[in-house]
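With our numbering applied, the sequence shown has no gaps in its numbers, which climb one by one up to 409 at the end. Data block below; observations after.
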Amino acid sequence: MALIPQEIISGFCEHFGTTANPDIYRAPGRVNLIGEHTDYNLGFVFPIALEMACYVAIAPAEHGSLRIYSHDWSDEASVPVAFIADAKASGEWSDYVIGVAHELTKLGILVRAANVWIASEVPAGSGLSSSAALEVSTALALLGSRSIEPVELARVAQRAETQFVGMPCGIMDQYTSVFGREHAAIQIDCRSLEHQYVRLPDSVSIVAVNSNVKHELGTSAYRERVAECQEAVAAIKQLNGDVKSLRDVSLSFFQEIQESIPLVPRKRARHVISDSQRVLDFAAASRANDLDEMGRLFVASHRSMQYDYEITCEEIDFLVDTAIKLPGVYGARMTGGGFGGCTVNLVAPGQMSHFQERLDSAYRQRFGLAPAFYDCVPARGAGRVDLPVSSTRA
Ligand code: GLA
Numbered sequence: 016m017a018l019i020p021q022e023i024i025s026g027f028c029e030h031f032g033t034t035a036n037p038d039i040y041r042a043p044g045r046v047n048l049i050g051e052h053t054d055y056n057l058g059f060v061f062p063i064a065l066e067m068a069c070y071v072a073i074a075p076a077e078h079g080s081l082r083i084y085s086h087d088w089s090d091e092a093s094v095p096v097a098f099i100a101d102a103k104a105s106g107e108w109s110d111y112v113i114g115v116a117h118e119l120t121k122l123g124i125l126v127r128a129a130n131v132w133i134a135s136e137v138p139a140g141s142g143l144s145s146s147a148a149l150e151v152s153t154a155l156a157l158l159g160s161r162s163i164e165p166v167e168l169a170r171v172a173q174r175a176e177t178q179f180v181g182m183p184c185g186i187m188d189q190y191t192s193v194f195g196r197e198h199a200a201i202q203i204d205c206r207s208l209e210h211q212y213v214r215l216p217d218s219v220s221i222v223a224v225n226s227n228v229k230h231e232l233g234t235s236a237y238r239e240r241v242a243e244c245q246e247a248v249a250a251i252k253q254l255n256g257d258v259k260s261l262r263d264v265s266l267s268f269f270q271e272i273q274e275s276i277p278l279v280p281r282k283r284a285r286h287v288i289s290d291s292q293r294v295l296d297f298a299a300a301s302r303a304n305d306l307d308e309m310g311r312l313f314v315a316s317h318r319s320m321q322y323d324y325e326i327t328c329e330e331i332d333f334l335v336d337t338a339i340k341l342p343g344v345y346g347a348r349m350t351g352g353g354f355g356g357c358t359v360n361l362v363a364p365g366q367m368s369h370f371q372e373r374l375d376s377a378y379r380q381r382f383g384l385a386p387a388f389y390d391c392v393p394a395r396g397a398g399r400v401d402l403p404v405s406s407t408r409a
């Protein structure tokens, strides 16, 4: 669903029974090209921000509360602004919004009473960061004309998820939503929180394929992986006291000492350390327009997630294994947290329609389910939406 400002304004005015013109903020979803589960291990990631975004319309109100309406959930939540500092997660969609308000309040930033109307183009549960898009667009909306450093904006949005919602995610999704840029991927160093933009070859299309499955296991397995990486760090620390995270472990040192790490944390560490290195190799291949090498790295990353990190599933492996046999496909891999969601594919533009037809029919035949295809063109990061004069109400 592509949203246009006029629909957002009408939705807002109808729901809140007002003619007040809201301000609108947009924050994009993302697709990660390579470097999965490396962010909370302080390694490298290589995502692009997408045109698909979450939109938040906001206008000040006199009722003393944040009234929050989700167009996608057809549901309203409300919290008196005086209670935001003491608010607790409820397990509902509104946690992501109230969590951002709570984190801003903790920074001493006053959250004012307002009507808030939210709609998103980013499909939930797809591994394309619908939560980060919601958090970042909410943070911008609640800040209004007040500004904070972009890195701080990403961190506040991340804390809404780690501290308030209680999901121990890394910084990649929120950072990408803030720093996205047209025509470029973002190579993020999750330790220094610095980034560089890398141009992608023009001669390849990036397409995400949504398996339309999201296995429940996802959230608990994510926590488990975070803990297993910490176990690996603890084991490596015995041999080198300077190691604080898997980022501090080079691939060559890991290869020397891996036998002394228990099997499961060893496999997790092997994925993280090798995938972080694959980010650097992928960026170099991208700069050199080496599509074959980019594709090879994609597949290596997928196998590492499949066998070492063990976060793929039957549907996703099928999509990857089928895609890489099709003409014009350089590589395919799962993207995002795992256990369903999307694959990301590097496809020669001339083969795109053939690719979609073949994958669609194979997937339907095997699982009785239709996949969805999203053309992924690197888009700008979050910001206020400038409204054409004709969109505003008098
Ligand atoms: C989720 C998390 C990110 C990252 C990815 C896996 O999207 O929110 O921080 O860990 O999974 O790369």
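Here a beta-carbon is modelled for each residue, glycine too, at the ideal position from N, C-alpha and C.
Contact test: residue i Cβ vs ligand 1 heavy atom, cutoff 7 Å
{"i": "Met320", "result": "no"}
{"i": "Cys391", "result": "no"}
{"i": "Glu51", "result": "yes"}
{"i": "Asn225", "result": "no"}
{"i": "Ser144", "result": "yes"}
{"i": "Cys184", "result": "yes"}
{"i": "Asp332", "result": "no"}
{"i": "Asn36", "result": "no"}
{"i": "Tyr11", "result": "Any question about residue 11 goes unanswered here, given that the chain covers just 16 to 409."}
{"i": "Gly195", "result": "no"}
{"i": "Met309", "result": "no"}
{"i": "Asp188", "result": "yes"}
{"i": "Gly140", "result": "no"}
Supposed close pair residue i, residue j - CB separation, criterion 8 Å
{"i": "Gly58", "j": "Ser291", "result": "3 Å"}
{"i": "Gly346", "j": "Phe313", "result": "3 Å"}
{"i": "Gly44", "j": "Ala68", "result": "7 Å"}
{"i": "Ser80", "j": "Ala128", "result": "6 Å"}
{"i": "Asp110", "j": "Arg399", "result": "Contact flag wrong, Cβ pair sits at about 24 Å."}
{"i": "Ile49", "j": "Phe382", "result": "At roughly 26 Å, the Cβ-Cβ gap does not stay under 8 Å, so Ile49 and Phe382 are not in contact."}
{"i": "Tyr237", "j": "Gly352", "result": "6 Å"}
Residue i vs residue j beta-carbon contact at 8 Å
{"i": "Asp375", "j": "Ala385", "result": "yes"}
{"i": "Val83", "j": "Glu77", "result": "Reading off the sequence, residue 83 comes out as Ile, not Val. No, Cβ-Cβ distance for Ile83 and Glu77 is not below 8 Å."}
{"i": "Leu18", "j": "Val46", "result": "no"}
{"i": "Leu158", "j": "Val193", "result": "no"}
{"i": "Ser289", "j": "Leu266", "result": "yes"}
{"i": "Pro183", "j": "Tyr55", "result": "yes"}
{"i": "Ala397", "j": "Val131", "result": "no"}
{"i": "Thr358", "j": "Met349", "result": "yes"}
{"i": "Val94", "j": "Ala102", "result": "yes"}
{"i": "Tyr212", "j": "Ile221", "result": "no"}
{"i": "Ala247", "j": "Arg206", "result": "no"}
Candidates the options: closest to residue i by CA position
{"i": "Ser316", "options": "Asn304, Ser162, Pro165 and Leu295", "result": "Leu295"}
{"i": "Leu361", "options": "Gly355, Ala154 and Phe370", "result": "Phe370"}
{"i": "Glu231", "options": "Phe354, Arg395 and Cys28", "result": "Phe354"}
{"i": "Val264", "options": "Glu274, Val287, Ala148 and Val279", "result": "Val287"}
{"i": "Glu107", "options": "Asp390, Gly181 and Thr337", "result": "Gly181"}
{"i": "Arg285", "options": "Gln321, Ile113 and Ser144", "result": "Gln321"}
{"i": "Phe27", "options": "Ala134, Tyr324 and Arg293", "result": "Ala134"}
{"i": "Arg395", "options": "Ser93, Arg196 and Ser109", "result": "Arg196"}
{"i": "Val228", "options": "Pro216, Asp332 and Pro342", "result": "Asp332"}
{"i": "Arg373", "options": "Leu341, Met349 and Gly352", "result": "Leu341"}
{"i": "Val13", "options": "Ala35, Ile186, Ala154 and Val219", "result": "Since the displayed the chain opens at 16 and closes at 409, residue 13 lies outside it and no answer follows."}
{"i": "Ser260", "options": "Ile272, Gln273, Glu274 and Cys244", "result": "Cys244"}
{"i": "Ile73", "options": "Asp336, Tyr40 and Ala116", "result": "Tyr40"}
{"i": "Asp217", "options": "Arg381, His198, Arg283 and Tyr237", "result": "His198"}
{"i": "Leu122", "options": "Glu22, Ala175, Leu306 and Ala303", "result": "Ala175"}
Residues bridged to residue i [DSSP beta-bridge criterion]
{"i": "Gly410", "result": "Absent from the model: residue 410. The displayed extent of the chain is 16 to 409, so no value can be given."}
{"i": "Asp307", "result": "Its beta-bridge partners do not exist; DSSP assigns none."}
{"i": "Ala72", "result": "Ile39 and Trp132"}
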